[in-house]
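The numbering of the sequence shown is the numbering used here, which starts it at 152 and goes up by one. Glycine included, every Cβ here is placed at the ideal spot set by N, Cα and C.
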Amino acid sequence: MGAPDRRYPIGSRPARPVGVAPMMRVRSASAAAPGRLENEDVVFRLGPLVGVLDGATVPEGFDTGCVHGPAWYVRHLAARIGLALAARPAATLMSSLAAAILAVRADHSGDCDLGHPGTPSSTVCLLREGGEQVDYLVLCDSPLVLDTGGEVSVVSDDRLDTAMADLRGTAAGLPGDVDPVTRFRQAVMVQRERMNRTHGYWAAAADPDAAYHAVTGTLPLRGPGALRRAALLSDGVSCAVEQFGLFDWAGLLDVAAAEGPEGLIGRVRAAERDHPDRLRRHKRTDDASVVFCEFDPAD
Numbered sequence: 152m153g154a155p156d157r158r159y160p161i162g163s164r165p166a167r168p169v170g171v172a173p174m175m176r177v178r179s180a181s182a183a184a185p186g187r188l189e190n191e192d193v194v195f196r197l198g199p200l201v202g203v204l205d206g207a208t209v210p211e212g213f214d215t216g217c218v219h220g221p222a223w224y225v226r227h228l229a230a231r232i233g234l235a236l237a238a239r240p241a242a243t244l245m246s247s248l249a250a251a252i253l254a255v256r257a258d259h260s261g262d263c264d265l266g267h268p269g270t271p272s273s274t275v276c277l278l279r280e281g282g283e284q285v286d287y288l289v290l291c292d293s294p295l296v297l298d299t300g301g302e303v304s305v306v307s308d309d310r311l312d313t314a315m316a317d318l319r320g321t322a323a324g325l326p327g328d329v330d331p332v333t334r335f336r337q338a339v340m341v342q343r344e345r346m347n348r349t350h351g352y353w354a355a356a357a358d359p360d361a362a363y364h365a366v367t368g369t370l371p372l373r374g375p376g377a378l379r380r381a382a383l384l385s386d387g388v389s390c391a392v393e394q395f396g397l398f399d400w401a402g403l404l405d406v407a408a409a410e411g412p413e414g415l416i417g418r419v420r421a422a423e424r425d426h427p428d429r430l431r432r433h434k435r436t437d438d439a440s441v442v443f444c445e446f447d448p449a450d
């Protein structure tokens, strides 16, 4: 192979040759919830792979059986996903995630009880560009918004929402004299028992089998149904549509394109200030993360 061509000025390049697959342009942003010192989300790009991880916040007064917290967990999981894909580039996203979860188990100290129902956990949203196609993986409630030739759709894992609805029904059935704090604590304990269970919901935690319960798929980068735009979101941003109703999913992509991920997060922060009564799972505000991808159309 000859030496690289140095004739083009820095920052420019010739037109892509006919037949070369679309290129992926990536912009991302992640911000801790106002007043929170540590961000429990992570956004990352590792070559053709982009991802959003959203660590599960530990409610005040609850034990996890672990000396580490959600922020530690998501940072280690992101790094381990990258190492797993580097070691086996042709592996599926499911198997790479399973290998990463298993590796993070080894990262824990001997003082951590990885069988504890409150062990640190995270959602996972991944997108990998592969030349002619992209692969995706969604685990728990970090959705993926896709624009395929003008058709906008959402890939989501609604098992946590289903479990939460069941928990609300259970809480509603408690005696009327049970105080709100007790109701909340009982709901949290039941939710923990349902994580990574067949009739519950699945998240990245200490059990690598969770990876094989993720929602996955493949999309083309050519033709009328080719992927043009994608947004990977933590629920601290998807609430712009699902909770605040600021716009629909197509509108969310348009805002991300025009104002960037930072602008989209800014829209959410403004809505949180304007509607402080709209709590999300007992949280007025949350960490917020976006990875926005755009693909040049094929020649």
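Measure the CB-CB distance between residue i and residue j and report whether it falls below 9 Å.
{"i": "A242", "j": "A254", "result": "no"}
{"i": "T349", "j": "T270", "result": "no"}
{"i": "A456", "j": "G233", "result": "In this structure the chain extends from 152 to 450, so residue 456 is not present and cannot be described."}
{"i": "D258", "j": "R231", "result": "yes"}
{"i": "C276", "j": "V209", "result": "no"}
{"i": "L197", "j": "V296", "result": "no"}
Since residue i contacts residue j with CB under 8 Å, what's their CB separation in whole angstroms?
{"i": "V441", "j": "L370", "result": "Actually they are not in contact, since the Cβ atoms of V441 and L370 sit about 19 Å apart, beyond 8 Å."}
{"i": "L278", "j": "L383", "result": "6 Å"}
{"i": "A381", "j": "C444", "result": "4 Å"}
{"i": "A222", "j": "E189", "result": "5 Å"}
{"i": "E344", "j": "P268", "result": "6 Å"}
{"i": "P427", "j": "R435", "result": "6 Å"}
What separation, rounded to the nearest whole angstrom, lies between the Cα atoms of residue i and residue j?
{"i": "S272", "j": "G374", "result": "38 Å"}
{"i": "A407", "j": "L415", "result": "6 Å"}
{"i": "H227", "j": "Q342", "result": "24 Å"}
{"i": "L200", "j": "L236", "result": "9 Å"}
{"i": "A180", "j": "E413", "result": "6 Å"}
{"i": "D437", "j": "G387", "result": "5 Å"}
{"i": "G282", "j": "V303", "result": "22 Å"}
{"i": "F105", "j": "V339", "result": "The question about residue 105 has no answer, for the chain in this structure spans 152 to 450."}
{"i": "T409", "j": "G300", "result": "In the sequence as displayed, the identity of residue 409 is Ala instead of Thr. If you take the alpha carbons of A409 and G300, they lie about 18 Å apart."}
{"i": "V193", "j": "L372", "result": "26 Å"}
{"i": "S260", "j": "A422", "result": "40 Å"}
{"i": "G206", "j": "D447", "result": "32 Å"}
{"i": "V366", "j": "A401", "result": "21 Å"}
Applying the 10 Å Cβ sphere with the 16-neighbour rule, what's the burial state of residue i?
{"i": "M346", "result": "buried"}
{"i": "R379", "result": "buried"}
{"i": "G396", "result": "exposed"}
{"i": "A439", "result": "buried"}
query = For the 8 Å Cβ check, are there 3 or more pairs between the segment 355-365 and the segment 288-295?
reply = yes
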